[in-house]
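What follows is one structure encoded as C-alpha cells, with my remarks underneath.
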Amino acid sequence: MSTEQPDVDVEPEEDLPEQMRIRRDKRERLTDAGMDPYPVQVPITSTIAGVRAAYPDLELDVATGEKVGIAGRVMFVRNTGKLCFATLRSGEGTELQAMLSLANVGEEQLDSWKALVDIGDHVFVSGEVITSKRGELSVLADTWSMAAKALRPLPVAHKPLSEDTRVRQRYVDLIMRPEARQMARTRVATVAALRRSLDSRGFLEIETPMLQTMHGGATARPFVTSSNAFDLELFLRIAPELFLKRAVVGGIERVFEINRNFRNEGADSTHSPEFAMLEFYQAYADYRDVAALTRELIQEAALAAVGTLEVVHADGSVHDLSGVWPEISLYGSTSDAVGVEITPMTGRAELLALCSKAGIEVQPTAIAGKLVEELFEHHVIDSFEGRPVFVMDFPVDTSPLVRDHRTDAGKVEKWDLYVNGYEQATGYSELVDPIIQRQRLVEQAALGAGGDVEAMRLDEDFLRALEYGMPPSGGVGLGIDRLLMTLTGLGIRETILFPLVKPER
RNA sequence: GCGCCGCUAGCUCAAGUGGUAGAGCAGCUGACUCUUAAUCAGCGGGUUGUAGGUUCAAGUCCUACGCGGCGCACCA
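Numbering (the numbering used here), first residue to last: 86 to 590.
Written as C-alpha cells, this is what we have:
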C-alpha cells in the first residue's frame, strides 16, 4: 500500500491551489507550536450523540456542571472577537455546538483556534455541557486540540455536489449528504433482513467460489483473469448457481448466498459490472413456492429497511409492495398485447415479422424464445404500474437450467419478477435431470463454439454432481442493488457505495 | 460500440452574434463575548478538461483525444 510511482512529484507544494497550501501551512504551524495535527488519540469521554441523548431538552442558558470531552468534524464556524462557535458533527450525522470563550480557554488557545481550525477538521473539545443563551446545546470549552487536520476544503454545504464528484469521492458525499449516509445504512438493513428471513426459515448461508475455472449459471460475458501459480485461465463468476446446486446435491437442502457477481457488460442506471445478488435454493419446493418466499423476503426487507410496503420515490411514484402480487403469463400477455396468438410453436419467421412490425431491432441470429421475450419487453412491461408482477412460464430455449413445464410443452417453469420497471428477481423449478441438463449444456456449448460469448460452457463436474441425484428444488436469484433501487428510488450507482468508475485524467 | 449534450476559482454556477473571465459560499487580513447558511470592512484566488488549428483577437469557432450525462445497442 505504499509503492510510490516513480514519476509522482513528492513535493507538489508549488502547484497546489491556494486553499490547500494554506491548510498545509496550518498543519506546519500546529507542529511548530507543539500541537500534533494527527494525534494517536484524544481523550474523549462521550460521543456527540451521547451528550445529546443525556440532555434532550434543557432550558436556555443552563450550565449542567458536567464536564465532557468530545470530538467531531467542524462543519460550520462563527468566530467573533472573544467568543467562538463551531458546529461539530460525528460520522453518523449528529451535531453539537462547541463554544470557546476568552474567559474559559485564555488568549493563547482562542487565538490558535481562530488561526488554525478550518471547516472539515476533526477537533477535540473538553469542557462543560451547557446551553447557549439561544438554547443551543453546547460544550463550553476549557481546552481544545486538533484530532485530525483536513488538508482539503469541504465543498459548499448548501449546493448539491455534482453527481460525478458524489460517485468518485463517496467519502465527501458521505460527509456532505445525509441521504448518502442513510443509503449505506438502508443497504445494511436490507441485507441483514434478507439474512434474518432466510435464517429463520432454516436456510444456511454458504460462500461459493468467485474465481471459477468455468463460468456458468447465467448467460453473460465474464471477466477473464488468470492464476500464476496454477498457470490457469480463470473467470470471475457471473452467478453462483452451479455451486449452490452442488451444495443441494450434498444435502444442504435450504441454501443461500449473498455476494457479488461480475458481468463484463455495459453499465447504465440499472446495470453495474459488479453487483450483489441473493441466490437461494430450496429442496422439495417448486417455482411457485419460491415465488411466494421471494415476495415474503422482499416485504420483510422493505419493512425492516424503510418501514413501509408503500414506497414513495422522489419523483412521486408509488410502489405498493403489499399483499399478494399479480401473476401474468409471458405468452398470454404478449399475445394479448400484440393481438396475435403466440405459443412456443410460433415459428421464428412469424416472430421476426412481429418484431419488425413493432420496430424492435433484433439480432438476425436470435432464437425463437429470445424473440418472444423481446416482444414481451417491448409490448407489456410498461403496463406494470407501481405493482410488482410475476411473469410466468418462459421459452425453453433461453433457459437451459430450468425444468420443462409440467403441462405446457415448449415452456419451462420459470418466472421473472418485475418491480419498478426492471427485472428484480427470477425463479425456477430447477432442472435436476442430469441427462436433459447435459443435452441443454451441449447445446449451449455449441452456441459458444459458434461465437456466442454469453453461452454457458459444459461443466462436467456440475453434471457429475447432478448424476448423484439432486432433489426436486426451487431456486431464486434476486438483485440486491435493484431491491435497494426499489426501496429508495435511486439509481444503481447510488445504491453501491463505491461503484466502478473510469479513472480520472 | 454509435449519436447528442456537457467540462470555467476549493465547491456550485454566470459570461448575446469571437473583443481585458465574474458571482455566491469557501479562503486571507481586520472588527465584534450568544452565534447557528453570523454580521461588517478590505484583499487574494483561473494554463476556461488536454493537444492542435482558424483569427489581429478564442471560454466562445474547427479537429482529435480524455472524463461525465442522456438516448440507442447489449445485459439483470
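For each residue, glycine too, the CB sits at the ideal point set by N, CA and C.
Because the structure is a prediction, the values reported are computed rather than measured.
Determine the direct distance from the alpha carbon of residue j to that of residue i, and round the result to whole angstroms.
i      : j      : result
Glu462 : Leu436 : 14 Å
Phe308 : Pro294 : 14 Å
Arg331 : Leu551 : 8 Å
Ile413 : Ala139 : 55 Å
Gly560 : Thr130 : 51 Å
Thr179 : Gly157 : 9 Å
Asp421 : Pro473 : 20 Å
Pro480 : Glu177 : 49 Å
Val273 : Leu460 : 37 Å
Thr428 : Val476 : 15 Å
Phe547 : Ser312 : 22 Å
Val159 : Ala242 : 12 Å
Gln267 : Glu193 : 40 Å
Arg380 : Gly408 : 9 Å
Glu264 : Asp353 : 21 Å
Gly191 : Gln254 : 39 Å
Met570 : Glu528 : 36 Å
Arg174 : Asp316 : 51 Å
Ile445 : Arg251 : 36 Å
Met105 : Arg112 : 11 Å
Glu221 : Leu145 : 8 Å
Pro91  : Thr310 : At Pro91 the pLDDT is 37, less than 50, meaning the model places this residue with poor confidence; the figure from the coordinates comes in the next sentence. Approximately 27 Å, taken between the alpha carbons.
Ala390 : Ala118 : 48 Å
Have a look at the DSSP bridge pairing and note the partners of residue i.
i      : result
Ser414 : Met477
Lys199 : Per DSSP, none; premise fails for Lys199.
Gly560 : Tyr366, Tyr513
Asp405 : Glu395
Glu326 : Answer is none; Glu326 lacks a bridge partner.
Ala134 : Answer is none; Ala134 lacks a bridge partner.
Ser230 : Phe209
Val504 : Tyr507
Asp489 : Val497
Arg339 : Gln367
Asp353 : His356
Glu221 : DSSP, once it has assigned bridges, lists no residue as partnering Glu221.
Measure how close the beta-carbons of residue i and residue j come, nearest whole angstrom, since I'm counting them as under 8 Å.
i      : j      : result
Asn344 : Pro358 : Not quite, the Cβ-Cβ distance comes to about 15 Å (not below 8 Å), so this is no contact.
Val210 : Trp229 : 5 Å
Leu572 : Val396 : 6 Å
Met299 : Asp501 : With a Cβ gap of about 26 Å, Met299 and Asp501 do not count as contacting.
Ala183 : Ser223 : 7 Å
Glu515 : Arg549 : Between Arg549 and Glu515 the Cβ distance is about 17 Å, and since that is not below 8 Å, they are no contact.
Arg525 : Pro485 : 4 Å
Leu575 : Ile383 : That belief does not hold up - the Cβ atoms of Leu575 and Ile383 are roughly 17 Å apart, past 8 Å.
Trp198 : Leu181 : Contact flag wrong, Cβ pair sits at about 16 Å.
Ile466 : Gly417 : At roughly 15 Å, the Cβ-Cβ gap does not stay under 8 Å, so Ile466 and Gly417 are not in contact.
Ile577 : His356 : 7 Å
Reducing DSSP to helix, strand and coil, say where residue i ends up.
i      : result
Tyr372 : helix
Thr580 : helix
Ser311 : strand
Ile466 : helix
Ile521 : helix
Met299 : coil
Tyr553 : coil
Thr275 : helix
Ile215 : strand
Gly454 : helix
Met184 : strand
Val174 : Here residue 174 turns out to be Arg, not Val, going by the sequence shown. Reduced to three states, the DSSP call for Arg174 is strand.
Leu460 : helix
Met541 : coil
Quick check: residue i and residue j, are their CB atoms within less than 8 Å of each other?
i      : j      : result
Asp493 : Asp482 : no
Glu364 : Phe341 : yes
Thr304 : Ala531 : no
Val147 : Ile215 : yes
Ala368 : Pro556 : yes
Gly306 : Val538 : Just to set this straight, residue 306 is Arg in the shown sequence, not Gly. Cβ atoms of Arg306 and Val538: closer than 8 Å.
Pro128 : Met231 : no
Leu115 : Leu201 : yes
Tyr553 : Val333 : no
Ala386 : Leu259 : no
Met362 : Gly154 : no
Gly301 : Leu329 : no
Asp206 : Lys234 : yes
Gly212 : Asp196 : no
Phe288 : Arg219 : no
Lys499 : Tyr513 : yes
Pro238 : Leu246 : no
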